[in-house]
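Protein chains: 2
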Amino acid sequence: MNPRPAVAWIGQLDGYLQLIDQTLLPTQDVLIDCRTVEQVWEAIKSLRVRGAPAIGVAAAYGVIVGCQSQAELPRSEFDARLTHVLDYLATSRPTAVNLFWALDRMKATAAEQPDTLLSSELLSRLLEEARTIEVEDRAMCAAMGRFGAELLANCSGVLTHCNTGGLATAGDGTALAAIFAAAKANPKLQVYADETRPLLQGARLTAWELLQRGVHVTLICDSMAACVMKLRRVQAVIVGADRIAANGDAANKIGTYGLSVLAKAHGIPFYVAAPSSTFDLTLESGELIPIEERAASEITNGFGKQTAPTDCPVFNPAFDVAPAENITAIITERGVIQPVTVDNVRKMIKG
Amino acid sequence: MNPRPAVAWIGQLDGYLQLIDQTLLPTQDVLIDCRTVEQVWEAIKSLRVRGAPAIGVAAAYGVIVGCQSQAELPRSEFDARLTHVLDYLATSRPTAVNLFWALDRMKATAAEQPDTLLSSELLSRLLEEARTIEVEDRAMCAAMGRFGAELLANCSGVLTHCNTGGLATAGDGTALAAIFAAAKANPKLQVYADETRPLLQGARLTAWELLQRGVHVTLICDSMAACVMKLRRVQAVIVGADRIAANGDAANKIGTYGLSVLAKAHGIPFYVAAPSSTFDLTLESGELIPIEERAASEITNGFGKQTAPTDCPVFNPAFDVAPAENITAIITERGVIQPVTVDNVRKMIKG
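Here's what the structure looks like:
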């Protein structure tokens with residue numbers, strides 16, 4: 000059973016972009032039909048769609064939505080509109096690298112076409128490119144799912160952290176794709192989902208996705224993961240990554256480093272699932288990945304209520320780094336890096 | 000500087016019980032003057048006063064509040080009232096062992112007095128006993144503070160979990176007493192306080208107490224503790240305990256076990272501070288301490304907002320057990336158990 004994707008194009012050239020409004024999850028499951036580029040812009044800006052790959056796909060389809068009404072106009076007018084739409088969408092979330100990457104692909108696709116092509120034909124090529132971006136992402140997720148499921152084949156329980164699923168990608172996600180595939184092979188698989196403070200992506204999004212797909216999920220607080228390992232309720236931990244250094248050190252949502260230490264102490268394999276685009280081979284090790292600190296209010300006023308003293312000093316690192324020595328294997332769309340060494344990373348990513 | 004205690008008797012025989020309303024912390028700092036036994040009952044019932052020793056002291060003073068108006072009546076009438084008050088207060092929180100222990104001490108004190116004693120004299124003896132219970136608790140806290148501060152003497156940073164401070168006791172607390180004493184000796188000491196999901200006692204109470212006392216505190220999410228250790232920001236972890244087995248295994252707020260594993264992995268000493276009454280030498284090891292599971296809603300609807308899907312399965316253990324092998328030392332009011340072995344525990348607790 001495939002649930003509705005987080006990002007979908009409905010119809011053909013005169014179709015529209017449909018999104019799950021992630022700001023309303025998990026209490027309301029609402030679809031937004033974006034029929035204007037302003038709606039797409041607002042959805043990205045307001046985090047109704049989130050997760051790097053999902054944002055990229057939404058922006059690519061946003062270009063189609065923004066140019067549809069000009070399809071019968073002369074190319075000069077269409078081209079002017081296209082430039083405007085690309086520039087406009089780029090302002091929706093200026094720190095999202097995948098947003099620019101997707102818009103650049105759409106721009107390059109337009110640039111490759113002859114000036115003599117009809118506007119409607121050009122729009123058609125652009126829709127093809129947007130669909131290709133989506134299909135490629137879906138294929139990467141599927142590949143990580145396949146490779147990951149093999150590693151999880153003998154588990155009766157698995158622990159995950161943050162959200163790495165279909166809500167963040169066009170497909171099934173990264174670490175969660177592996178879990179979905181493993182649960183398909185073993186429907187009894189029990190998934191323990193860390194709630195993932197401070198922003199609770201595990202509680203709000205991962206638990207929701209797993210329930211939607213009929214996978215057995217048990218929500219825990221982050222501080223309970225060690226207890227779950229001690230009780231032998233999980234035989235593997237699998238997480239995503241935001242950035243991976245040349246030696247395999249993996250930066251990911253805060254809490255990941257601690258999980259990697261706990262997994263090692265309990266003799267439990269610790270897996271990272273991330274597409275090859277996550278690797279930054281210019282970084283020798285994770286020590287060079289700067290730790291971003293976020294607003295104190297995420298911790299002090301996280302649940303719609305002030306839960307700490309006013310002006311209490313806070314340390315709120317957004318990420319930490321699991322060292323390669325704690326990572327059993329890294330799952331990419333190209334294959335599995337195991338053991339995690341500089342050479343094996345280079346072979347898989349550069350080779 | 001000593002802040003107001005969480006539980007205090009104001010005045011003499013015609014005085015009253017004053018409490019900090021802990022349900023309003025950390026956003027409002029409100030004192031409740033309890034001048035009727037019904038007010039004391041309600042304060043215990045509604046968790047306005049919490050923490051085993053603090054509840055015991057509040058109940059003991061509650062007996063005085065409940066019997067004051069009968070001080071000029073004949074003993075038979077006074078005694079009937081006393082029995083009623085003792086029975087009534089015992090219903091305020093039927094699972095709080097310290098509540099019964101304190102009420103039993105008050106009852107025994109009354110039973111020891113001659114029948115010929117005037118009601119006002121008996122009331123006076125009862126007030127003495129309540130004060131003794133308070134003073135003893137305060138002395139235990141002070142002793143743990145002294146012993147603990149010696150262990151923390153060379154730390155520039157220390158990590159703690161949950162609330163083990165003045166709000167839970169008549170004195171400075173257990174683990175937090177050690178931190179207060181250490182901060183007095185070294186005012187630059189930096190305390191990292193885990194917020195302690197699901198009930199956030201660290202964010203709501205510990206951070207508040209430390210700020211009140213002018214101790215440097217930094218609030219973190221539980222998942223950030225490993226990162227703080229990795230960054231070498233702390234040189235010790237110190238926590239309380241709810242129950243300690245004969246071999247030194249210590250049951251405490253969920254998350255404690257994980258911290259003990261992380262501290263060991265980082266070569267950081269892990270201390271437990273608890274009065275000798277916490278030890279249960281009939282339990283051979285922590286394996287025999289049952290893990291209480293609490294309501295799912297603590298995790299899914301923690302602070303006035305639903306943060307997980309409706310009906311999401313949850314695992315919510317209230318406690319876990321730090322094994323003796325992960326505990327560098329146990330600090331009691333009698334002295335420090337180090338190393339933590341069956342023999343050393345027995346010598347300190349039985350000896």
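Line order of the protein sequences matches chains D and U.
Residue numbering for the first sequence follows numbering that gives the first Met the number 0, beginning at 0 and increasing consecutively.
Residue numbering for the second sequence follows numbering that gives the first Met the number 0, beginning at 0 and increasing consecutively.
Quick reminder that beta carbons are idealized off the backbone N, C-alpha and C, glycines included.
Residue i burial status per 10 Å Cβ neighbour count (16 or more: buried)
{"i": "residue 0/D", "result": "Caution is warranted here: a pLDDT of 39 is assigned to residue 0/D, below 50, making its placement in the model unreliable, and the coordinate value is therefore given only provisionally. Exposed: under 16 other Cβ atoms inside 10 Å."}
{"i": "residue 13/D", "result": "exposed"}
{"i": "residue 285/D", "result": "buried"}
{"i": "residue 340/U", "result": "exposed"}
{"i": "residue 3/D", "result": "exposed"}
{"i": "residue 86/U", "result": "exposed"}
{"i": "residue 222/D", "result": "buried"}
{"i": "residue 68/D", "result": "exposed"}
{"i": "residue 21/D", "result": "buried"}
{"i": "residue 349/D", "result": "exposed"}
{"i": "residue 168/U", "result": "buried"}
{"i": "residue 26/D", "result": "exposed"}
{"i": "residue 294/D", "result": "exposed"}
{"i": "residue 216/U", "result": "buried"}
{"i": "residue 23/U", "result": "exposed"}
{"i": "residue 96/U", "result": "exposed"}
{"i": "residue 330/D", "result": "buried"}
{"i": "residue 57/D", "result": "buried"}
{"i": "residue 171/D", "result": "buried"}
Residue i - partner residues in DSSP beta bridges
{"i": "residue 128/D", "result": "For residue 128/D, which the question treats as bridged, DSSP gives no partner whatsoever."}
{"i": "residue 33/D", "result": "16/D"}
{"i": "residue 270/D", "result": "237/D, 328/D"}
{"i": "residue 316/U", "result": "292/U"}
{"i": "residue 193/U", "result": "219/U"}
{"i": "residue 279/U", "result": "244/U"}
{"i": "residue 156/D", "result": "189/D"}
{"i": "residue 172/U", "result": "164/U"}
{"i": "residue 251/D", "result": "319/D"}
{"i": "residue 89/U", "result": "None; residue 89/U has no bridge partner."}
{"i": "residue 372/U", "result": "The shown model of chain U, from 0 to 350, leaves out residue 372/U, and the question about it has no answer."}
{"i": "residue 84/D", "result": "Looking at the DSSP assignment, residue 84/D forms no beta bridge with any residue, so it has no partner."}
{"i": "residue 335/D", "result": "330/D"}
Residue j beta carbon less than 8 Å from that of residue i
{"i": "residue 151/D", "j": "residue 208/D", "result": "no"}
{"i": "residue 184/U", "j": "residue 148/U", "result": "yes"}
{"i": "residue 125/U", "j": "residue 43/U", "result": "no"}
{"i": "residue 318/U", "j": "residue 298/U", "result": "no"}
{"i": "residue 189/U", "j": "residue 232/U", "result": "yes"}
{"i": "residue 197/U", "j": "residue 226/D", "result": "no"}
{"i": "residue 247/D", "j": "residue 160/D", "result": "no"}
{"i": "residue 311/D", "j": "residue 218/U", "result": "yes"}
{"i": "residue 88/D", "j": "residue 61/D", "result": "yes"}
{"i": "residue 59/U", "j": "residue 81/U", "result": "no"}
{"i": "residue 249/U", "j": "residue 282/U", "result": "no"}
{"i": "residue 320/U", "j": "residue 256/U", "result": "yes"}
{"i": "residue 176/D", "j": "residue 143/D", "result": "yes"}
{"i": "residue 118/U", "j": "residue 73/U", "result": "yes"}
Within-8 Å CB hit, residue i to chain C
{"i": "residue 298/U", "result": "The question asks about chain C, but that chain is absent: this structure's protein chains are D and U."}
The region 138-156 of chain U / the region 6-15 of chain U touching (three or more Cβ pairs under 8 Å): no
For the region 114-147 of chain U, enumerate the residues whose C-beta is nearer than 8 Å to any C-beta of chain D, in chain order. none
Would the region 321-341 of chain D count as touching the region 257-266 of chain D if we require 3 or more Cβ pairs under 8 Å? yes
Interface residues of the region 215-234 of chain U facing chain D [CB-CB below 9 Å]: 215, 216, 217, 218, 219, 220, 221, 222, 223, 224, 225, 226, 227, 228, 229, 230, 232
Below 9 Å between beta carbons is the criterion; list the residues of the region 263-275 of chain U that meet it against any residue of chain D, in chain order. 263, 264, 265
If contact means a Cβ-Cβ distance below 8 Å, which residues of the region 190-218 of chain D contact chain U? 191, 193, 194, 195, 196, 197, 199, 202, 203, 206, 207, 210, 215, 216, 217, 218
Do the region 232-244 of chain U and the region 265-282 of chain U meet, that is, are 3 or more Cβ pairs less than 8 Å apart? yes
Between the region 130-146 of chain U and the region 16-33 of chain U, are three or more C-beta pairs nearer than 8 Å? no
Does the region 204-220 of chain D come close enough to the region 307-314 of chain D to have 3 or more Cβ pairs within less than 8 Å? no
Near-chain U residues of the region 243-263 of chain D - C-beta to any C-beta below 9 Å: 252, 253, 254, 255, 256, 257, 258, 259, 260, 261, 263
Determine contact between the region 43-62 of chain D and the region 96-112 of chain D, defined as no fewer than three beta-carbon pairs at a distance below 8 Å. yes
With 9 Å as the limit, tell me which residues of the region 145-169 of chain U have their beta carbon closer than that to any beta carbon of chain D; keep them in chain order. 160
Closer than 7 Å, Cβ to Cβ, to anything on chain D: give me those residues from the region 178-190 of chain U, in chain order. none
Would you check if there are 3 or more beta carbon pairs closer than 8 Å linking the region 115-129 of chain D to the region 64-83 of chain D? yes
Between the region 312-338 of chain D and chain U, which residues of the former have CB atoms less than 8 Å from a CB of the latter, in chain order? 312, 313, 314, 315, 316, 319
Return the residues of the region 18-40 of chain U that lie within a Cβ-Cβ distance of less than 9 Å from chain D, sorted by chain order. 24, 25, 26
Where the region 84-106 of chain D meets chain U: residues whose CB sits under 7 Å from a CB there: none
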